[in-house]
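Numbering (UniProt numbering), first residue to last: 1 to 352. Please read the structure below before turning to the comments.
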Amino acid sequence: MSNHQLDELRSQLEEVNLQLLNLINKRGDLVKDIGQIKEKQGMNRFDPVRERVMFDQITEKNDGPFEDSTVTHLFKEIFKAGLELQEDDHRKALLVSRKKKPEDTVIEVNGERIGDGNPHFIMGPCAVESYEQVSTVAKAVKDQGLKLLRGGAFKPRTSPYDFQGLGLEGLKILREAADEHGLAVISEIVNPADIEKAVEYLDVIQIGARNMQNFELLKAAGSVNKPVLLKRGLSATISEFINAAEYVISRGNGNIILCERGIRTYEKATRNTLDISAVPILKQETHLPVYVDVTHSTGRRDLLLPTAKAALAVGADGVMAEVHPDPAVALSDSAQQMDIPTFDKFMNELKK
Ligand code: PEP
Ligand code: MN
């Protein structure tokens, strides 16, 4: 074959490429028009019956040289691309993403502006056990100039025989002790049905690690007008974590704080492995404030201060840790809660 012939064939090939491009885009326009009509009629965009009819038409008319299976494969890709064109923008840019909203989300709670670039601390006992216990911690929190008090009333425990929390009664105790000291209240809710009642007592709804993919709970929390602190699941990837937050925002509630609390790895030296790099990744990929829970990620009192420093150094908007008047007798997480003098030292170090 002469060079001239080769050039001629190549030029024809390029011409066919452009025709194909033209046709593929023409098909795209048609698919978009169909998508708009389907949306108006509330019809599902993906229609496997239609797709089967089109495949049958195509393979019936296929005279080669490509095999039917190859042609089907190529058209499947074209169909998929068409379906993506019909999908709304959500898939391309999540509502929680920086792509969608470049500015930081700042959440106002009790005069604190979480996400404003300054660290904001959430401190309090693992579980609400009694009024005296919470009130003692609340006073210590207030004395440190902090505004946000935590305490679990509904405790998701590994064993059903462990202390499960005081429930609604616990929330009332937390509220009372917090009000007495001018603090806002953060507590975990585990049941979607409890959200409506609980918001009467809460300033921030916590969704715990074990419930990060409890989609009904996420939707319920997304439907109320209360900030949500969402913890990363025990074995959740960052992408799953971000998608869990998307469930909340998709229902209208964009006041979400993400909380890295350690993930499960083979390492036994700490209770979980604090994924510190998740903090800058979450800050880059989303516009939401990011916290680090140093208590549950390390499970070690001696690591609370260094990990809290690391969290702030790497760009966290705040730190969560557990404080108990007498950790030795605590009904949960007795090994890693700080007593009040330790808490004071911890805060004074972080303020330096
Ligand atoms: C908690 O903060 O009380 C708690 C149970 O943490 P996690 O959901 O991260 O285990
Ligand atoms: Mn705890």
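No residue lacks a Cβ here, since even glycine has one placed at the ideal position from N, Cα and C.
Identify which residue in the options has its Cα closest to the Cα of residue i.
i	options	result
C259	I276, T270 and N253	I276
N225	K197, N211, M212 and L303	K197
G28	G82, E39, F343 and P65	G82
V137	G182, H324, R45 and P341	H324
V185	L18, E169 and Q206	Q206
L171	V16, A193 and A127	A127
I189	Q144, G152, P327 and K351	G152
T298	T270, L282, L230 and E322	T270
residue 386	L21, P227 and E349	A question about residue 386 goes unanswered here, because the residues of the chain that appear run from 1 up to 352.
Q337	A328, D344 and T59	A328
L110	E15, G145 and K219	Reading off the sequence shown, one finds Asn at residue 110, where the question assumed Leu. If we check each option's Cα against that of N110, G145 comes out closest.
A330	A236, R301 and F163	F163
F215	S187, E246 and L234	E246
Just checking residue i against the ligand PEP - is the residue's beta carbon closer than 7 Å to any of the ligand's heavy atoms?
i	result
R113	no
E188	yes
residue 413	Because the chain in this structure spans residues 1 to 352, residue 413 falls outside the shown range and cannot be described.
residue 355	No answer is possible for residue 355: the residues shown for the chain start at 1 and end at 352.
G152	yes
D293	yes
P156	yes
R301	no
For the beta strand (DSSP E) that residue i lies in, which residues bound it at each end?
i	result
residue 416	In this structure the chain extends from 1 to 352, so residue 416 is not present and cannot be described.
A138	From DSSP, A138 is part of no beta strand (DSSP E) but of the alpha helix (DSSP H) over Y131 to D143.
R150	L148 to R150
L258	I256 to E260
G318	G318 to E322
Y291	V290 to D293
Ordered along the chain, which non-local residues of its own chain (more than five positions away) have a Cβ less than 7 Å from that of residue i?
i	result
I249	L95, V96, G222 and I256
E51	F79
K142	H181, G182 and L183
I58	V71 and F75
Ignore the nearest five residues each way along the sequence and tell me which others in residue i's own chain have a CB closer than 6 Å to its CB.
i	result
F241	R232
T265	T273
D293	C259, R261 and M320
L166	V128 and A153
Sorry if obvious, but does the Cβ on residue i come closer than 7 Å to a heavy atom of the ligand MN?
i	result
E322	yes
S332	yes
C126	yes
By Cβ distance below 8 Å, which residues in the same chain neighbour residue i in space, the five residues on each side in sequence not counted?
i	result
V279	E260, V290, V292, A311, V314, G315 and A316
L282	I238, F241, I242, L258, E260, L288 and V290
R157	F163, Q164 and S332
What residue range does the alpha helix (DSSP H) around residue i cover?
i	result
D68	D68 to Q86
A310	L304 to A313
K283	A278 to E285
Requested in this report: Determine contact between the segment 102 to 114 and the segment 276 to 295, defined as no fewer than three beta-carbon pairs at a distance below 8 Å.
Outcome: yes
Query raised in the report: Is it a yes or a no for the segment 208 to 220 touching the segment 172 to 180, going by three-plus beta-carbon pairs under 8 Å?
Result: No, because fewer than three Cβ pairs between the segment 208 to 220 and the segment 172 to 180 fall closer than 8 Å, the two stretches do not touch.
**Report entry** Segment contact flag, the segment 112 to 129 with the segment 150 to 164, C-beta cutoff 8 Å, min 3 pairs
**Finding:** Counting C-beta pairs with one atom in each stretch, the segment 112 to 129 and the segment 150 to 164 have three or more that are closer than 8 Å, which means they touch.
Report task. Report yes or no: do three or more beta-carbon pairs, one from the segment 63 to 73 and one from the segment 39 to 46, lie closer than 8 Å? Result -> Touching, no, given that fewer than three Cβ pairs across the two stretches are closer than 8 Å.
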